Amino acid sequence: MSIGRSWWHEILLLAAFVVVAVILGIVSGYPSGAFLLAGAIYIGWHLLQMLRYHAWMRDSENYSMPISLGVWKAAIDGAVELRQSERRREKQLLQMLESFQASTNALPDATLVVDESGTIEWINQAATRLLGISRHDVSRVKVSSIFASSRFDSYLKNNNYRTPIKLTSPVDNGVLLELRVAPFDENKLLLQLRDISRLEQLETVRQDFVANVSHEMRTPLTVIRGYLESMRDAGESMDEWQPVIEQLDRQSARLQQIVEDLLLLSRVEQGEATGIEEIVDVPGLLEALQTEARLLSGERAHRISHQADEKLLLKGHASELRSLFSNLVFNAIAYTPPRGVIEIRWFMEGDSAVFSVLDTGIGIEQQHIPRLTERFYRVDEGRSRKSGGTGLGLAIVKHVLNRHDGRLEIESHYGSGSTFVCRFPPSRVAKSGSLEAAEVSSPAGRIL
Ligand code: ADP
Numbered sequence: 095m096s097i098g099r100s101w102w103h104e105i106l107l108l109a110a111f112v113v114v115a116v117i118l119g120i121v122s123g124y125p126s127g128a129f130l131l132a133g134a135i136y137i138g139w140h141l142l143q144m145l146r147y148h149a150w151m152r153d154s155e156n157y158s159m160p161i162s163l164g165v166w167k168a169a170i171d172g173a174v175e176l177r178q179s180e181r182r183r184e185k186q187l188l189q190m191l192e193s194f195q196a197s198t199n200a201l202p203d204a205t206l207v208v209d210e211s212g213t214i215e216w217i218n219q220a221a222t223r224l225l226g227i228s229r230h231d232v233s234r235v236k237v238s239s240i241f242a243s244s245r246f247d248s249y250l251k252n253n254n255y256r257t258p259i260k261l262t263s264p265v266d267n268g269v270l271l272e273l274r275v276a277p278f279d280e281n282k283l284l285l286q287l288r289d290i291s292r293l294e295q296l297e298t299v300r301q302d303f304v305a306n307v308s309h310e311m312r313t314p315l316t317v318i319r320g321y322l323e324s325m326r327d328a329g330e331s332m333d334e335w336q337p338v339i340e341q342l343d344r345q346s347a348r349l350q351q352i353v354e355d356l357l358l359l360s361r362v363e364q365g366e367a368t369g370i371e372e373i374v375d376v377p378g379l380l381e382a383l384q385t386e387a388r389l390l391s392g393e394r395a396h397r398i399s400h401q402a403d404e405k406l407l408l409k410g411h412a413s414e415l416r417s418l419f420s421n422l423v424f425n426a427i428a429y430t431p432p433r434g435v436i437e438i439r440w441f442m443e444g445d446s447a448v449f450s451v452l453d454t455g456i457g458i459e460q461q462h463i464p465r466l467t468e469r470f471y472r473v474d475e476g477r478s479r480k481s482g483g484t485g486l487g488l489a490i491v492k493h494v495l496n497r498h499d500g501r502l503e504i505e506s507h508y509g510s511g512s513t514f515v516c517r518f519p520p521s522r523v524a525k526s527g528s529l530e531a532a533e534v535s536s537p538a539g540r541i542l
């Protein structure tokens, strides 16, 4: 019913009261008394309706609706309509919530919401299975109690969630989980834990395969190179074969270098220490490296300089670090034209230790830079082969840096040169003044 009609009904009702009051006034001879009585009944009825309306609006289960008459009909119809649309909205929200819960429960990854105090606020089904927490624990349990690992705690507190970390499942030692964290709202965290056991297994199989194949190739290659050596020294009888022997020698040397690089890469990838962790005398190592670099440059006469903070040492694996630094320096020589400049620097910047190699070489186009540390990625395959490159150098650099908590930055301008920068965190820095001479590893030895 429209509001206009309700008002008409109300006016009719009022008119009926007036008519009754007039008749009563004439019949009784007290017209003012009759009007007063009719007015009191009219106002009393509206007050009663108001009271019932108020009670019904508050609790429609226990109070009945006021009489739907006159203006009250419009008010009651409006309230009923409002209530129905509210119920429909509630139902819709409930359905949305249920389908959200069903979809998060269907997720194979454990998902948790944690508040600013570290208390778990919400979990999905997979979290109960992968982490052994129950729905009853929600709002009562701190997330730090799930993993008995200080790594987990410090990762959460660090506020740097760019790189995910791997953790063992608290309910099954054989299950490896990858943790990703996304902050949201003001201080809340969304934690996602993915079971990566199978991926990890496949990765181990791949690494083992590469390591085994490389290892198996080592001995036959040594034998082949041994025979080639003898053939080269065999004298006149082999003269006509010399060009072929030289070609074979070059190719087998390349193959041998690839095998050695692959073996080193597998060792570093598998986290197998190549040598024990020690305090490495980087300035001494760079001194030796500069001499090797000059030999390698030979007639190309690069202008190689090196500047090192003599007191700045590094905690790590000497042989791996030798390999890291030499790969960057030898690349600078390989990709810089004769008489180009190569600057090697080792210094402190803020509280980090920095190793940098600058060259005035051919440079690298920007689109190649993100892919340089992939295995066998070369910008120019022909040039890399000619310079004796295996395509594994920068992959080794990246893995050695990872193992030493370091970071690689590459800045390059095509045609004018490149700078490769390795940054090591304060936890890896050591100062020579604070150490006994015997503790410091000597840089002597072959550069890998
Ligand atoms: P490679 O054995 O081919 O040198 P790396 O992994 O060491 O393999 O390097 C990958 C590629 O990056 C190289 O093939 C080369 O194209 C490019 N590169 C590396 N260092 C430099 C540099 N200093 N200047 C120009 N290009 C470089």
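For the sequence shown, the positions run 95 to 542 when this note's numbering is used.
From the three backbone atoms N, C-alpha and C, an ideal C-beta is built for every residue, glycine too.
These numbers come from a predicted model, not from an experiment.
In terms of side-chain proximity, the C-beta atom of Ile456 is found nearer than 7 Å to a non-hydrogen atom of the ligand ADP.
A straight line joining the alpha-carbon of Ser331 with that of Gln460 spans about 53 Å. Residue side-chain check: Leu452 keeps its Cβ at 7 Å or more from all non-hydrogen atoms of the ligand ADP. Bridge pairing for Pro277: Leu283 [DSSP].
Rounded to the nearest whole angstrom, the C-alpha separation of Glu210 and Val237 is 11 Å. Membership of Val353 in the alpha helix (DSSP H) is indicated by the continuous run 336-363. In this structure, the CA atom of Leu130 is about 10 Å from the CA atom of Tyr136.
Cα atoms of Ala132 and Arg177: separation of roughly 35 Å, rounded to the nearest angstrom.
Val165 and Val275 have their C-alpha atoms spaced approximately 59 Å apart. If you check the C-beta of Ala387 against the ligand ADP, you find no heavy atom less than 7 Å away.
Within 10 angstroms of the beta-carbon of Pro520 lie fewer than 16 other beta-carbons, which makes it exposed. DSSP, read as helix, strand or coil, puts His498 in coil.
With fewer than 16 other beta carbons inside 10 angstroms of its own, Tyr124 counts as exposed. By the criterion of a C-beta distance shorter than 6 Å, Asp343 is surrounded in its chain by Leu322, once the five residues flanking it on both sides are discounted. Between Tyr429 and Ile463 a beta carbon distance of about 14 Å is seen, past the 8 Å cut, so the two are scored as non-contacting. Taking 8 Å as the cut-off, the Cβ atoms of Ile214 and Val235 count as close.
In this structure the region 431-441 does not lie against the region 493-509, because fewer than three pairs of beta carbons, one per stretch, are closer than 8 Å. In the DSSP assignment, Met442 forms a beta bridge with Ala447. Ser506 sits in a strand when the DSSP states are folded into three classes. Shortest Cα-Cα distance from Ala196 to any of Val208, Glu475, Ile217, Ala173 involves Ile217. Here Gly483 is actually not in contact with Asp453; their C-beta atoms are around 15 Å apart, not less than 8 Å. Contact check for Thr513 against Ala489 fails: the beta carbons are separated by 8 Å or more. Ser243 places its beta carbon 8 Å or farther from that of Leu271.
Around Pro432, the same chain offers Glu393, Arg394, Ala395, His396 as residues with beta carbons nearer than 8 Å, after the five sequence neighbours per side are excluded. For Val121 and Val112, the gap between their C-alpha atoms comes out near 14 Å. Contact check for Val362 against Glu414 passes: the beta carbons are separated by less than 8 Å. Secondary structure of His309 (DSSP, three-state): helix. When the five nearest sequence neighbours on each side are left out, the beta carbons in the same chain lying within less than 6 Å of the beta carbon of Leu390 are those of Ile427, in order along the chain. For Gly511, the uninterrupted beta strand (DSSP E) run begins and ends at 511-518, by DSSP. Taking the C-beta atoms as reference points, Val451 is found no nearer than 8 Å to Leu406. Spatial neighbours of Leu118 in its own chain (CB-CB distance under 6 Å, excluding positions within 5 residues in sequence) are listed in chain order as Ala128. Per DSSP, reduced to three states, the secondary structure at His493 is helical. When rounded, the separation of the alpha-carbon atoms in Ser446 and Thr385 is 26 Å. Excluding sequence positions up to five before and after Ser158, its CB lies within less than 8 Å of the CB of Arg146, Trp150, all in the same chain and listed in chain order. If you compare the alpha carbons of Leu285, His411, Leu383 with that of Asn421, the shortest gap goes to Leu383.
Under the DSSP assignment, Leu418 falls outside any beta strand (DSSP E), being part of the alpha helix (DSSP H) whose first and last residues are 412-428.
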